[in-house]
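When you read off a place in the sequence shown, starting at 1, and then add 879, the result is the number in my numbering. Just so you know, even glycine gets a beta-carbon here, dropped at the ideal spot from N, CA and C.
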Amino acid sequence: MIQYCLLVILLSIVSACTGELVLYFMVYSKETYKAIAGQLEKVAAGVDKRIDTIAEVQVASRKRLEREQERLKTLNKEMSVLKMKSMLFVGLIFTGMMGVFNRYFDGIIVAKLPFIPVSMIQGVSHRNIDNDDFTDCSFIFLYILCTMCIRTNIQKMLGYQPSRTVTKLTQAASVFDGQR
C-alpha cells in the first residue's frame, strides 16, 4: 500500500508542476500579467495604507478609498479574465491525467485514512473499492488532495499567488458590495 501512496504523491507533484509550467508559458511570462500584477499590488498597498490612516470618517477620504477599492476590483477582474482560458486548459489536462491514472489505480487501496469520512465525501474517498471499510482510501481522493496542496505551495514558492493584502482587500471589497 505504501508504494501506491508514494506513487500517487509523485504523480501529484508531476501533475502540479506540469500545470504550473503550462500556466507560466500561457500567463505568468506575459507582460500583461506582470503589468496587472504590479498594479494590483500597488493599488492594494495604497488601499491598505489608506484604511489604516483614516481615523475619522471624512467624505473626501471615503470617496477616494471607494474609488481605489473599485480600481482594485477592476484589476482583480482583469487578472481573472487573463487566467481563465489557461486555467480551463490546465483543468482539461488534469482531468485527462486523472482519467488515465484512475484506470491504473482502479480498485486499489492507496492509503488508510485515520478517520471515517463524512458520508458526502465517502463517494470520492472510497471510489471503486469493493469492501465496506470506509477508512480505505482510493486513488482519486488522495490525488485530488495532494494536487491541491502541492499546487498551492508551488505557486507560493514561485511567487505567483497574490499577496495576503490583495487577497484580503479583494475579499473585503466583495463583502462590502454584497451589503450595498
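- Look at K909 here: in three-state DSSP terms it is coil, with no helix or strand label.
- The three-state secondary structure of D927, taken from DSSP, is helix.
- One alpha carbon belongs to C896, the other to M999, and they sit about 30 Å apart.
- The residue from E910, M905, L919 with its alpha-carbon nearest to that of M963 is M905.
- CA-CA distance, Y1039 to E945, rounds to 27 Å.
- Comparing alpha carbon positions, the residue from L1024, Y1022, V997 closest to T1014 is V997.
- Across the structure, S959 and V1003 are spaced so that their CA atoms are roughly 29 Å apart.
- Taking a contact as a CB-CB distance under 8 Å, the pair T974 and S891 does not count as one, their CB atoms being some 14 Å apart.
- Proximity to L886 across A923, Y983, I930 peaks at Y983, based on C-alpha coordinates.
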